[in-house]
Amino acid sequence: MYLISLSLRFETKILDIAYLLLLKLMKEPEFVIDSKFIRLYLKVLTKQGKFKEALDFIDIQAKFFEGNKVEKQMMEANLFHMSDSPVLTINVLFNMLRLNSNVHQYKEIWTVYRQCIRIIIDDHLPKQNYEFKVVSDFTANESGASQAYNFETISVDDKPDKILRILYQSLKNLRKITQNVDVTQKRLQMVAHQMRRTSYLAELESLYVYALRCKNMPCGAASPFFSLMQEYIDLFF
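Set out below in structure tokens:
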């Protein structure tokens with residue numbers, strides 16, 4: 163135990179020294195900040211728990227992320243998550259996925275879908291003491307109707323039920339968006355195929371993660387999860 167404590171103190175001291183050296187470097191008149199330096203500096207700030215400072219630095223150095231906005235937004239989402247700001251975390255992820263719900267802008271960012279699902283269902287909802295009940299239709303609202311959600315921005319006043327509904331319906335709607343794609347354009351047709359596949363996989367992932375929290379959630383034959391999995395296999399295999 164003593165050795166572990168000693169090791170942690172040494173690591174903290176190393177990080178403090180690294181932080182001061184990097185600050186000194188930035189003040190050098192001839193020093194040029196590059197992407198390698200930015201990533202190193204952000205890593206040090208994150209390890210030190212200086213999340214606000216890291217977020218401010220990302221904002222100041224935004225031009226370095228112009229070619230990779232996904233990386234920038236993922237960094238921001240992770241920093242918001244570590245600083246215990248769930249609404250900001252979810253909104254950054256939702257913004258990324260909303261932009262991705264377009265056949266002309268779509269990218270293969272499965273890790274973002276997966277992280278968003280797990281942060282909401284496996285982290286945010288439990289912290290809100292959400293009761294994981296057996297649900298037959300995640301898309302229906304209080305009136306029983308479904309809405310055309312597309313990763314809408316949430317607020318601190320939104321209840322867990324609504325956030326879950328926005329997530330699930332948005333994932334499901336991803337494949338509906340592709341219904342009017344011009345199939346004569348081969349590239350768009352291929353992208354639409356990728357979007358539909360991602361939609362099914364993300365919906366399956368959300369049901370799976372929910373089932374891990376809901377002990378009585380049916381996953382066998384005739385369950386929504388099994389039917390969706392069967393539909394996915396029929397379409398893509």
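For the sequence shown, this note's numbering begins at 163 and goes up steadily by one. In this text, a Cβ means the ideal position worked out from N, Cα and C, and glycines have one as well.
- The criterion of a C-beta distance shorter than 8 Å is satisfied by residue 216 and residue 241.
- Counting other Cβ atoms within 10 Å of its Cβ, residue 253 reaches 16 or more and is therefore classed as buried.
- Boundaries cannot be given for residue 264, as no alpha helix (DSSP H) includes it and DSSP labels it neither H nor E.
- For the pair of segments examined, the stretch 237-251 was found to touch the stretch 206-213: the number of CB pairs separated by less than 8 Å reaches three.
- The C-beta distance from residue 343 to residue 351 rounds to 7 Å, short enough to meet the 8 Å contact threshold.
- Residue 240: member of the alpha helix (DSSP H) spanning 231-244, first to last residue.
- Residue 291 and residue 314 have their C-alpha atoms spaced approximately 23 Å apart.
- The way I'd put it, the stretch 265-284 does touch the stretch 318-334; three or more beta-carbon pairs between them come closer than 8 Å.
- In this chain, the alpha helix (DSSP H) harbouring residue 199 covers 197-210.
- Just measuring C-alpha positions, the residue of 353, 347, 191 and 270 sitting nearest residue 339 is 353.
- In the same chain as residue 276, and ignoring 5 residues on each side of it, the C-beta atoms closer than 8 Å to its own belong to 364 and 367, in chain order.
- With a contact defined as Cβ atoms closer than 8 Å, residue 237 and residue 261 miss out at about 16 Å.
- Taking each of 288, 220 and 399 in turn and checking the Cα distance to residue 201, the smallest one comes out for 220.
- Judged by their CB atoms, residue 256 and residue 376 are not nearer to each other than the 8 Å cut-off.
- Less than 8 Å separates the beta-carbon of residue 232 from that of residue 258.
- In this model, residue 346 and residue 392 are separated by some 29 Å (Cα to Cα).
- Assignment of residue 356 by DSSP, reduced to helix, strand and coil, places it in the helix class.
- Scanning its chain for C-beta atoms nearer than 7 Å, with the 5 sequence neighbours on each side dropped, one finds around residue 335 the residues 310, 311 and 312, in chain order.
- In the structure shown, residue 223 falls within a coil segment according to DSSP collapsed to helix, strand and coil.
- Contact check for residue 371 against residue 316 fails: the beta carbons are separated by 8 Å or more.
- For the 8 Å CB-CB criterion, residue 388 and residue 373 do not form a contact.
- Distance from the Cα of residue 399 is smallest, within the candidate group 382, 359 and 369, for 359.
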